[in-house]
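J.:
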Amino acid sequence: MLREARHRRLLTILGEKGVLPVREIAKRLGVSEATARRDLTELDDAGRLTRVYGGAVAARTDDERPFAEAAVDDLPAKTAIAARAAELIEDGDALLLDIGTTTHQLAKLLRGRPVTIVTSNLAVYEELRDDPEVRLILLGGEVRRNYLSVVGFLTESNLRELYVGRLFLGASGVLPSGGVLDSTHVEVPVKRAMIAAARQVVLLASAGKFPGETGLARICGAPDIDVLITNDTSDPATLAAFREAGTEVITV
Numbered sequence: 087m088l089r090e091a092r093h094r095r096l097l098t099i100l101g102e103k104g105v106l107p108v109r110e111i112a113k114r115l116g117v118s119e120a121t122a123r124r125d126l127t128e129l130d131d132a133g134r135l136t137r138v139y140g141g142a143v144a145a146r147t148d149d150e151r152p153f154a155e156a157a158v159d160d161l162p163a164k165t166a167i168a169a170r171a172a173e174l175i176e177d178g179d180a181l182l183l184d185i186g187t188t189t190h191q192l193a194k195l196l197r198g199r200p201v202t203i204v205t206s207n208l209a210v211y212e213e214l215r216d217d218p219e220v221r222l223i224l225l226g227g228e229v230r231r232n233y234l235s236v237v238g239f240l241t242e243s244n245l246r247e248l249y250v251g252r253l254f255l256g257a258s259g260v261l262p263s264g265g266v267l268d269s270t271h272v273e274v275p276v277k278r279a280m281i282a283a284a285r286q287v288v289l290l291a292s293a294g295k296f297p298g299e300t301g302l303a304r305i306c307g308a309p310d311i312d313v314l315i316t317n318d319t320s321d322p323a324t325l326a327a328f329r330e331a332g333t334e335v336i337t338v
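Under this note's numbering, read the sequence shown as residues 87 to 338, first letter to last.
1. Identify every residue that forms a DSSP beta bridge with A284.
2. Check whether the region 164-173 and the region 188-205 touch, using three or more Cβ-Cβ pairs below 8 Å as the test.
3. When you compare the region 228-243 with the region 263-282, are there three or more beta-carbon pairs, one atom per stretch, that lie closer than 8 Å?
4. If we ignore side chains and look at the alpha-carbon of each, how far apart do T187 and D131 end up?
5. In chain order, which continuous runs of the alpha helix (DSSP H) of length 4 or greater are located wholly inside the region 172-207?
6. Pick from R199, G265, S206 and D125: whose alpha carbon is nearest that of D217?
7. Could you tell me how far apart the beta carbons of I203 and L181 are, in whole angstroms, since I believe they sit closer than 8 Å?
8. Across the region 251-270 and the region 217-226, are there enough close Cβ pairs to call them in contact, namely three or more that are closer than 8 Å?
9. Among A326, G116, P309 and R278, which has the Cα closest to the Cα of F296?
10. Do the region 281-294 and the region 208-215 make contact, defined as three or more Cβ pairs closer than 8 Å?
11. Just how far apart, CA to CA, sit A303 and D268?
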């Protein structure tokens, strides 16, 4: 494997796992531990990861755009997707709302509805915390102030104790194959735990994410998505990949 390809693969692995020892990195890359250490040093010097004792951890994403900035991107498209998602929800339903700006738009439409909402999204919490009709459950964990979410092993532990009817999932990008990506590695384990805790998974993704390689870490594949709600301008070939995987595709 060429050096640049190996570096990309290494960053992808760390994006998925968060932290790994040198021995495991070498095994996954099919190289010697000496080569793995050399790669880690080069990527650490470039600021693309952080060396720790015996291994490495994915670089922090302090340069991630703040939630408030991301919230105004493609707002009409997100609002339309949220409105269609709200139509799937019946009074009395128990829901999981992922992080993200589209799920926040959905939360706005759920004000006054007698539903149970479990979330790691602090924007959703702020939107609904004073609503007496909504039973609101905020997952515990480490606060990510920049993107208004909670993450970490406590969040994942909370989710292992839950089983809800439907998850509304967000993403940073969607590959032509239907692979769902996220740009922040610390959010990926939480998203995967949410998928495991829900009977039905609904992906909310605006047209600008189809197809797109925004995001280093893979969340899941098209077969893991039961319903996709997106805009009618989304890439037809990517939508076809979801349909072939058995996903119900709804366009607005």
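C-beta atoms are modelled at their ideal positions from N, C-alpha and C, and glycine is treated no differently.
T.: Answer, in terms of the structure:
1. As a working mapping, residue 284 is identified with position 198 in the sequence shown. According to DSSP, which records beta bridges pairwise, A284 is partnered with V250.
2. yes
3. yes
4. Translated into positions along the sequence shown, residue 187 becomes position 101. Translated into positions along the sequence shown, residue 131 becomes position 45. Near 33 Å, if we compare the C-alpha coordinates of D131 and T187.
5. Whole alpha helix (DSSP H) segments, 4+ residues: 187-195.
6. Taking the sequence shown and counting its residues from 1, the one referred to as residue 217 is at position 131. If we check each option's Cα against that of D217, R199 comes out closest.
7. Along the sequence shown, one-based indexing puts residue 203 at 117. Along the sequence shown, one-based indexing puts residue 181 at 95. Right, the Cβ-Cβ distance comes to about 5 Å (below 8 Å), so this counts as a contact.
8. no
9. Walking along the sequence shown from the start, residue 296 turns up at place 210. Nearest of A326, G116, P309 and R278 to F296, Cα basis: A326.
10. no
11. If you number the sequence shown from 1, residue 303 lands on position 217. If you number the sequence shown from 1, residue 268 lands on position 182. Taking the straight line from one Cα to the other gives about 5 Å.
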